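Quick note on numbering: this note's numbering labels position 141 of the sequence shown as 149, and the sequence is numbered without any gaps. A virtual CB, placed ideally from N, CA and C, is assigned to each residue, including glycine. From a predicted model like this one, the values you see are computed outputs, not experimental measurements. Report on one structure; see the data block that follows.
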Amino acid sequence: MKILDSKPAEDGFYMPAEYSPHYGCILIWPHRRDSWQNGAYAARKAFARLIEIISRSEKVIVCARYEDYDSAREALPDSVRVIEMSSDDSWARDVAPTFITNGKDIRGIDWGFNAWGGLYDGLYFPWDKDNKMARKLCDCLDKDVYDMRRFILEGGSIHSDGEGTILTTEECLLGKGRNPELSREDIERILCDTLGAKKILWLRRGLYHDETNGHIDNICAFTSPGEVVLSWTDDTSDPQYEISEECLRILENSTDAKGRKLKVHKLPLPEPVFITEEECSGLDNMDGEPTRTPGERLAASYANFYISNKHVIVPGFGDKNDEKAVCMLSSLFPDRIVLGLPGARDILIGGGNIHCITQQIPEFR
């Protein structure tokens, strides 16, 4: 594995869309007791169900700490590769490499990671184990990696259409906890140089009460070139209504890198999800303080789905809109089986959902 300091776009590499063919997917076995209730028992069951579905059509690599290796190995299908690797938490989307391709081979990008805001408004400290995972994973895959640790970015803050367009939010990438010394233009230039993008589409804000400072993967996602789903509510009393309305105006007045006017599909949100006192009691404190409080609203969204080679796996919350979301996504992904994942609430308690805990590895020759 080579550690590269050149610009990926100049080397002919770009970020493909998630709906492009995959070699596989990376996840991290959950373990952090102040993120995952009751020693991550419920979360591990949800992770295992998700991993089994993904493994039906692509290779799955699960990273597990030394002390968790046996539990992961016993819980997962034989076809899944379990590797020992230390981590601070389990958000593979944000700490694993962003993989880019030249159409034949792939390379990784090793972004800087500071737990969604560092000492300004980050969610935990330290984060040094997470910050080393991208490079280690490229080493395991024997793929060269670009050193971009000087730039703070999480994989959940970007979506690509594979044709030169990147979606993101101002709330996240322009926040004071990421790269405060850089202007919007500086950040656009870095994204174009590293992801092979020609156009960056900025939404102002992400999902209401998203503790990642508005990651794009909770509010909007490409389903095909020129088409997106947008998290939506018709409840005008919900703070999310104004945010979604604003996103809709931006998207409907935007064109992508190919000059196409975007087609926006309103993906219904579940009813607001609030953490219960019982769920909070199953979480350890962090530095003597609780990480959740009873009645806190969680960032529940169906847009936080994962696209595997044969499936689209969608969070299921036991909500009346679960079926509506699956039906809409089935119409947008006619070549894939769309499945709802029961128990996604047990993932959500940790702060994110299906897309947040997965990172795809594009196909390579």
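With the cut-off set at 8 Å, would you say ILE91 and ILE114 are in Cβ contact? No, the pair does not count as a contact, with Cβ atoms beyond the cut-off.
Less than 8 Å between the beta carbons of THR109 and GLY116, yes or no? It is not a contact, given that the beta carbons lie outside the stated cut-off.
Closest residue to GLY234 among TYR249, PRO280, LYS266 (Cα-Cα distance): For GLY234, the nearest C-alpha among the options comes from LYS266.
Bridge partners - LYS271, DSSP secondary structure assignment: Answer is GLU235, bridged to LYS271.
Proximity to VAL272 [Cα-Cα], best of LEU259, THR284, GLY183, ILE283: Nearest in C-alpha terms to VAL272, of all of LEU259, THR284, GLY183, ILE283, is LEU259.
ILE36 (DSSP reduced to helix, strand or coil): Note: ILE36 maps to strand in three-state DSSP.
Inter-residue spacing [alpha-carbon to alpha-carbon] between ILE11 and LEU127: Roughly 28 Å separates the two Cα atoms.
Under three-state DSSP, which class holds ASP129? Note: ASP129 maps to helix in three-state DSSP.
Report yes if the C-beta distance between TRP37 and ALA80 is below 8 Å; otherwise report no. Yes. Within cutoff.
I'd like the span of the alpha helix (DSSP H) that includes ILE91, first residue to last. That residue, ILE91, is in no alpha helix (DSSP H); its beta strand (DSSP E) goes 89 to 92.
Based on Cα-Cα distance, which residue from TRP99, HIS30, ARG157, TYR27 lies nearest to GLY358? Ranking the options by Cα distance to GLY358, first place goes to TRP99.
For the alpha helix (DSSP H) that contains ILE62, what are its first and last residues? 45 to 62 is the extent of the alpha helix (DSSP H) around ILE62.
Per-residue burial, SER339 [other beta carbons within 10 Å of its own, 16 or more giving buried]: With fewer than 16 other Cβ atoms inside 10 Å of its own Cβ, SER339 counts as exposed.
Taking LEU256 as the reference, which of LEU209, HIS217, THR301 has the closest Cα? Nearest to LEU256 by alpha-carbon distance, out of LEU209, HIS217, THR301, is LEU209.
Can you tell me whether ALA100 is helix, strand or coil according to DSSP? Three-state DSSP puts ALA100 in a helix.
Compare the Cα-Cα distances from GLY296 to each of ILE61, ASP42, GLY130 and report the closest residue. Minimum Cα distance to GLY296 is reached at ASP42.
Is the distance from the Cβ of ASP264 to the Cβ of LYS207 below 8 Å? Closer than 8 Å, so yes.
From ILE195 to GLY214, what does the alpha carbon distance come to, in whole angstroms? Between the C-alpha atoms of ILE195 and GLY214 there is a straight-line separation of about 18 Å.
Whole angstroms are fine: how far does the CA of ILE34 sit from the CA of ALA54? Approximately 15 Å between the Cα atoms of the pair.
Around the C-beta of SER239, are 16 or more other C-beta atoms found within 10 angstroms, so that it is buried, or is it exposed? Residue burial annotation: SER239 is buried, with at least 16 other C-beta atoms found within 10 angstroms of its C-beta.
On the DSSP bridge assignment, give the partners of LEU209 in chain order. For LEU209, which the question treats as bridged, DSSP gives the partners LEU175.
Which whole-angstrom value is the C-beta distance of HIS167 and PHE230, which I expect to be below 8 Å? Right, their Cβ atoms sit about 6 Å apart.
So ALA142 and ILE174 are supposed to be a Cβ contact under 8 Å. How far apart are they, rounded? Rounded to whole angstroms, the Cβ separation of ALA142 and ILE174 is 19 Å, and the two are not in contact under 8 Å.
8 Å Cβ cutoff met for LEU277 and PHE313: One thing to note: LEU277 has its Cβ no nearer than 8 Å to the Cβ of PHE313.
Among LEU270, ARG101, GLY183, whose alpha-carbon lies nearest the alpha-carbon of VAL236? Taking only the C-alpha atoms, the option nearest VAL236 is LEU270.
With a threshold of 16 other CB atoms inside 10 Å of the CB of THR220, please say whether the residue is buried or exposed. Answer is buried; the Cβ neighbour count reaches 16.
For the segment 309 to 328 against the segment 55 to 64, are there 3 or more C-beta pairs whose distance is under 8 Å? At 8 Å Cβ cutoff, the stretches touch.
Expressed to the nearest angstrom, what Euclidean distance is found between the alpha-carbon atoms of GLY360 and PRO323? Rounded to the nearest whole angstrom, the CA to CA distance from GLY360 to PRO323 is 10 Å.
Within 8 Å, strictly: CB atoms of ILE227 and SER309: In terms of Cβ geometry, ILE227 and SER309 form a close pair [threshold 8 Å].
Three-state class that DSSP yields for PRO85 in the structure shown: Reduced to three states, the DSSP call for PRO85 is coil.
Given GLN367 as reference, the closest of LYS144, VAL153, GLY164 once Cα atoms are compared: The residue with the shortest Cα to Cα distance from GLN367 is GLY164.
Suppose the cutoff is 6 Å on Cβ atoms and the five residues either side in sequence are ignored; what does the same chain contact list for ARG268 look like? Closer than 6 Å at the Cβ level, and outside the excluded window around ARG268, lie GLY234.
Give the DSSP bridge partners of PHE230, in chain order. Answer is VAL236, bridged to PHE230.
Between PHE341 and ILE321, what straight-line distance do the alpha-carbon atoms span, to the nearest angstrom? Distance from the CA of PHE341 to the CA of ILE321, rounded to the nearest whole angstrom, comes to 11 Å.
What does a CB cutoff of less than 8 Å around LEU347 pick up in its chain, not counting 5 residues either side in sequence? Closer than 8 Å at Cβ, skipping near neighbours: ILE61, HIS319, VAL320, ILE321, VAL322, VAL334.
Could you work out which residue in GLU189, SER262, LEU211 is closest to ILE251 when comparing CA atoms only? Considering only GLU189, SER262, LEU211, the residue with the shortest C-alpha distance to ILE251 is LEU211.
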